[in-house]
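Colleague:
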Amino acid sequence: LLLVAFAAALRFWQLDSLGLTHFDEGSYAMTGRWLATFGREGWIFQSGHAPGLFPTLVGMCFLLCGVQDYAAIGVSACTGSLTVAVIYAIGRCWFGRAAGLLAALFLATAEYHLIYSRLALTDATFTLLFWASLGCLFMGIQENRRSWLISGGVLTGLCWNTKYHGFFPLLIAGAWLCVQAVYRLSRRHQPVAAKELWRSFGLAAAIAGLLYLPWLSFVQFSVGYGAILQGQVAHSFGQSALLVTSPQTLYFYLSHWLTPALLLAALAGATAVLLRRDRSGFFLLLVLVLFAASALFYLSFPRLLLPVVPGLCLLAGLGVAELGRLFRRRAQWLRAGLAVVILTMNSRAAQPVLALRTDAYRRAADYLQQARVPVLTQMSKNFYFYEKAKSLELRRHQPAQLDSLLLHAGQALIAVDPILQRFPERAQWFEKWRPRLSHVHEIPIDLYEPVYYQGFDPTRLAQLPPVVAPFRPGEAKIEIYEWRNPR
Numbered sequence: 036l037l038l039v040a041f042a043a044a045l046r047f048w049q050l051d052s053l054g055l056t057h058f059d060e061g062s063y064a065m066t067g068r069w070l071a072t073f074g075r076e077g078w079i080f081q082s083g084h085a086p087g088l089f090p091t092l093v094g095m096c097f098l099l100c101g102v103q104d105y106a107a108i109g110v111s112a113c114t115g116s117l118t119v120a121v122i123y124a125i126g127r128c129w130f131g132r133a134a135g136l137l138a139a140l141f142l143a144t145a146e147y148h149l150i151y152s153r154l155a156l157t158d159a160t161f162t163l164l165f166w167a168s169l170g171c172l173f174m175g176i177q178e179n180r181r182s183w184l185i186s187g188g189v190l191t192g193l194c195w196n197t198k199y200h201g202f203f204p205l206l207i208a209g210a211w212l213c214v215q216a217v218y219r220l221s222r223r224h225q226p227v228a229a230k231e232l233w234r235s236f237g238l239a240a241a242i243a244g245l246l247y248l249p250w251l252s253f254v255q256f257s258v259g260y261g262a263i264l265q266g267q268v269a270h271s272f273g274q275s276a277l278l279v280t281s282p283q284t285l286y287f288y289l290s291h292w293l294t295p296a297l298l299l300a301a302l303a304g305a306t307a308v309l310l311r312r313d314r315s316g317f318f319l320l321l322v323l324v325l326f327a328a329s330a331l332f333y334l335s336f337p338r339l340l341l342p343v344v345p346g347l348c349l350l351a352g353l354g355v356a357e358l359g360r361l362f363r364r365r366a367q368w369l370r371a372g373l374a375v376v377i378l379t380m381n382s383r384a385a386q387p388v389l390a391l392r393t394d395a396y397r398r399a400a401d402y403l404q405q406a407r408v409p410v411l412t413q414m415s416k417n418f419y420f421y422e423k424a425k426s427l428e429l430r431r432h433q434p435a436q437l438d439s440l441l442l443h444a445g446q447a448l449i450a451v452d453p454i455l456q457r458f459p460e461r462a463q464w465f466e467k468w469r470p471r472l473s474h475v476h477e478i479p480i481d482l483y484e485p486v487y488y489q490g491f492d493p494t495r496l497a498q499l500p501p502v503v504a505p506f507r508p509g510e511a512k513i514e515i516y517e518w519r520n521p522r
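The sequence shown begins at 36 in our numbering and counts up by one.
1. What span of residues does the beta strand (DSSP E) with Pro-479 cover, start to end?
2. How about Cys-348 and Ile-207: are their beta carbons less than 8 Å apart?
3. Can you tell which of Glu-231, Phe-253 and Tyr-419 has its C-alpha closest to the C-alpha of Glu-60?
4. Is Gln-446 helix, strand or coil by DSSP?
5. What do you reckon, are the CB atoms on Cys-128 and Leu-164 nearer than 8 Å?
6. Which residues does DSSP list as the beta-bridge partners of Ile-513?
7. Which whole-angstrom value describes the C-beta separation of Ala-107 and Ala-155, a residue pair presumed to lie in contact below a C-beta threshold of 8 Å?
8. Scan the segment 410-471 and note each continuous alpha helix (DSSP H) run of 4 residues or more that stays entirely inside, going in chain order.
9. Note down, in chain order, each residue of its chain lying with its Cβ closer than 7 Å to the Cβ of Val-322, except the 5 sequence neighbours on either side.
10. Can you find at least 3 beta carbon pairs, one from the segment 237-245 and one from the segment 186-202, that sit closer than 8 Å?
11. From which residue to which residue does the alpha helix (DSSP H) around His-148 run?
12. Quick check: the Cα distance between Arg-75 and Lys-467, rounded to an integer number of angstroms?
13. Return helix, strand or coil for Leu-219, following the three-state DSSP convention.
14. Where Thr-56 and Pro-409 are concerned, what is the direct C-alpha to C-alpha distance, given to the nearest angstrom?
15. Check Arg-522 in the structure and name its three-state DSSP category.
16. Can you tell which of Leu-251, Tyr-147, Asp-401 and Leu-441 has the C-alpha that lies nearest to the C-alpha of Arg-471?
17. Would you decide whether Asn-417 is buried or exposed? Buried here means 16 or more other CB atoms lie within 10 Å of its CB.
18. Cα-Cα, which of Pro-493, Ala-300, Gly-175 and Gln-367 is closest to Tyr-288?
19. Return the Cβ separation of Ile-176 and Leu-238 in integer angstroms, given the expectation that the two are a contact with Cβ distance under 8 Å.
20. Among Ala-330, Arg-457, Leu-293 and Val-324, whose alpha-carbon lies nearest the alpha-carbon of Pro-500?
21. Buried or exposed: Glu-189, going by 16 or more other Cβ atoms within 10 Å of its Cβ?
22. Give a yes or no on contact between the segment 316-335 and the segment 280-287, applying the rule of three or more CB pairs nearer than 8 Å.
23. Assuming Val-343 is part of the alpha helix (DSSP H), what are its boundary residues?
24. Does Lys-198 come out as helix, strand or coil in the three-state DSSP assignment?
25. Within this structure, are the beta carbons of Glu-428 and Gln-446 separated by less than 8 Å?
26. Thinking C-alpha only, which one of Leu-437, Val-486, Phe-326 and Ala-444 is nearest Gln-463?
27. Is Trp-69 buried or exposed, if buried means 16 or more other CB atoms sit within 10 Å of its CB?
28. Determine the closest residue to His-432 out of Arg-461, Gly-490 and Leu-496, with distance taken between C-alpha atoms.
29. Determine the closest residue to Ala-145 out of Ala-351, Arg-370 and Pro-86, with distance taken between C-alpha atoms.
30. Evaluate contact between the segment 84-100 and the segment 38-53, counting only Cβ atoms and requiring at least three cross-stretch pairs below 8 Å.
31. Does any heavy atom of the ligand HEM sit closer than 7 Å to the C-beta of Pro-453?
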């Protein structure tokens with residue numbers, strides 16, 4: 036409970052200073068509003084973004100707390116905090132109490148995990164369910180207990196309803212079962228895994244599939260599941276190169292948002308696993324290798340690598356615990372010293388995250404609401420969650436219609452953010468009118484650093500055209516212009 040409280044204190048810190056900054060956040064929040072208002076406002080489930088569990092949780096929070104951005108972000112803050120408890124339980128079960136405690140503390144203060152626990156995205160929730168599923172499935176396999184495997188199947192079903200690759204815990208656990216079977220066959224004196232274990236694992240997979248079936252049916256009868264698969268393929272095997280994301284990109288993510296001390300401790304933990312030769316350690320390495328390898332075959336998004344972070348914290352906890360044992364007389368002091376170094380570095384890295392205000396779009400909506408004149412906008416999708424009176428979105432109107440609107444309006448406001456660059460025809464229209472507009476207000480857009488990198492190599496950000504990477508650190512802003520008809 037103390038670990039969860041500590042993690043929650045960081046993740047809920049100054050929650051009212053946060054807002055929706057990622058376009059996917061806008062989609063989930065609008066679906067949550069649709070659920071909370073029983074279809075009167077917002078949007079129905081947007082199957083192109085993710086399955087429906089996370090927006091449903093957002094909708095439930097809206098019913099309890101009101102339709103507020105902090106309620107949507109609070110879902111991630113809650114699940115991120117609970118992940119710390121899950122990692123403590125896994126670490127304690129696999130490697131001992133000291134390793135579990137250290138792993139939980141490292142995760143609680145890890146900048147990478149902290150960032151996504153303060154965004155209304157699916158990733159913190161997915162990471163919680165991913166590791167809870169793996170923990171149950173591994174226990175079921177090791178102890179040959181159906182109850183653990185059934186629990187793992189239920190959790191995997193929930194994980195699958197959070198992201199489209201949420202079946203990964205079953206794939207990884209199945210790979211582990213196959214590795215065990217091959218190992219036992221190579222040692223003839225050890226019995227082959229009992230058929231009962233495979234039946235129980237099959238039952239877990241069936242439960243996960245049944246839990247996913249309602250969403251699969253919804254997608255099939257709305258946009259067609261083939262469209263979802265086509266989109267997934269287009270972002271992975273549909274690319275020209277075999278490896279869509281380079282290993283250097285994964286290293287960039289981990290080295291930027293995890294401290295060197297934590298990564299070195301994780302390396303020590305991986306070495307300890309190879310020396311200890313215990314099954315739980317090998318399973319952990321298998322999880323990390325398979326998940327990181329799968330990320331190489333998909334477009335580069337920092338959030339896709341988030342589930343690796345708790346695993347690295349488990350390795351780091353084991354590494355510090357094992358290093359302490361090398362010096363038995365001063366083991367406790369050495370562990371404490373190493374832990375303090377890592378936690379201090381983590382805390383220093385986390386300070387800018389906790390201090391950052393991300394409420395630019397909320398402030399922009401408040402400003403525009405006070406004007407009481409027609410408003411034209413082209414903003415990232417998350418902005419439209421804040422609107423009380425709907426604006427005219429540029430991309431939904433032809434340039435001729437926009438011309439006519441301005442010429443017949445006595446006064447109007449036009450608000451744009453960098454996403455305008457994604458719509459070249461509307462950007463051209465705006466530039467045509469800009470000389471006749473008065474610049475009246477601007478609001479800097481502060482984003483968590485990973486949000487800037489969406490589907491491209493982060494080291495090439497400066498070379499990419501605005502249509503690919505419209506948001507730039509220190510440059511992104513909402514600009515508001517006023518039109519006054521000279522007639």
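The beta carbon of each residue, even a glycine, is placed where N, CA and C say it ideally should be.
Model, not experiment: these values are computed from the prediction.
Modeller: According to the structure shown:
1. Taking the sequence shown and counting its residues from 1, the one referred to as residue 479 is at position 444. Looking at the DSSP string, the run of the beta strand (DSSP E) that includes Pro-479 is 473-479.
2. As a first step, residue 348 must be located in the sequence shown, where it is residue number 313. As a first step, residue 207 must be located in the sequence shown, where it is residue number 172. No. Outside cutoff.
3. Along the sequence shown, read from residue 1 onward, the residue named residue 60 stands at position 25. It is Tyr-419 whose Cα lies nearest to the Cα of Glu-60.
4. Working through the sequence shown from its first residue, we reach residue 446 at position 411. Looking at Gln-446 - three-state DSSP - the assignment turns out to be strand.
5. Indexing the sequence shown from 1 puts residue 128 at position 93. Indexing the sequence shown from 1 puts residue 164 at position 129. Their beta carbons are not under 8 Å apart, which means Cys-128 does not touch Leu-164 by this criterion.
6. Mapped onto the sequence shown, residue 513 falls at position 478. Bridge partners of Ile-513: Ile-478.
7. For the purposes of this step, residue 107 is taken as residue 72 along the sequence shown, with counting starting at 1. For the purposes of this step, residue 155 is taken as residue 120 along the sequence shown, with counting starting at 1. Yes, they are in contact, since the Cβ atoms of Ala-107 and Ala-155 sit about 4 Å apart, within 8 Å.
8. 434-443 and 459-468
9. To locate residue 322, count along the sequence shown from 1; it is residue 287. Result list for Val-322: Leu-169, Ile-207 and Gly-346, in chain order.
10. yes
11. Looking up residue 148 in the sequence shown gives position 113. Segment 146-151, the alpha helix (DSSP H) holding His-148.
12. Looking up residue 75 in the sequence shown gives position 40. Looking up residue 467 in the sequence shown gives position 432. Cα to Cα, Arg-75 sits roughly 37 Å from Lys-467.
13. For the purposes of this step, residue 219 is taken as residue 184 along the sequence shown, with counting starting at 1. A small fix is needed here, since residue 219 is Arg in this sequence, not Leu. Annotated three-state conformation of Arg-219 is helix, per DSSP.
14. Start at 1 with the first residue of the sequence shown, and residue 56 comes out as number 21. Start at 1 with the first residue of the sequence shown, and residue 409 comes out as number 374. Their backbone Cα atoms lie some 24 Å apart in a straight line.
15. Counting from 1 along the sequence shown, the entry for residue 522 is found at position 487. In the structure shown, Arg-522 falls within a coil segment according to DSSP collapsed to helix, strand and coil.
16. By 1-based counting over the sequence shown, the position of residue 471 is 436. Selected option, being the one with the closest Cα: Leu-441.
17. Taking the first residue of the sequence shown as 1, we reach residue 417 at position 382. Asn-417 should be labelled buried.
18. Translated into the one-based positions of the sequence shown, residue 288 becomes position 253. Cα-wise, what sits closest to Tyr-288 is Pro-493.
19. Walking along the sequence shown from the start, residue 176 turns up at place 141. Walking along the sequence shown from the start, residue 238 turns up at place 203. At roughly 13 Å, the Cβ-Cβ gap does not stay under 8 Å, so Ile-176 and Leu-238 are not in contact.
20. As a working note, residue 500 is residue 465 in the sequence shown. Considering only alpha carbons, the answer is Arg-457.
21. Counting from 1 along the sequence shown, the entry for residue 189 is found at position 154. Per the sequence presented here, residue 189 reads as Val, with Glu not at that position. With 16 or more other Cβ atoms within 10 Å, it is buried.
22. yes
23. As a position in the sequence shown, residue 343 is number 308, starting the count at 1. Note, Val-343: alpha helix (DSSP H), 343-361.
24. If you number the sequence shown from 1, residue 198 lands on position 163. Correct three-state label for Lys-198: coil.
25. Walking along the sequence shown from the start, residue 428 turns up at place 393. Walking along the sequence shown from the start, residue 446 turns up at place 411. Cβ atoms of Glu-428 and Gln-446: not closer than 8 Å.
26. Indexing the sequence shown from 1 puts residue 463 at position 428. Among Leu-437, Val-486, Phe-326 and Ala-444, the Cα nearest to that of Gln-463 is on Leu-437.
27. Reading the sequence shown from its first residue, position 34 is the one you call residue 69. Trp-69 is buried by the Cβ-count criterion.
28. Start at 1 with the first residue of the sequence shown, and residue 432 comes out as number 397. Selected option, being the one with the closest Cα: Arg-461.
29. Looking up residue 145 in the sequence shown gives position 110. Of Ala-351, Arg-370 and Pro-86, the residue nearest in Cα terms is Ala-351.
30. no
31. The model depicted lacks the ligand HEM and carries no ligand whatsoever.
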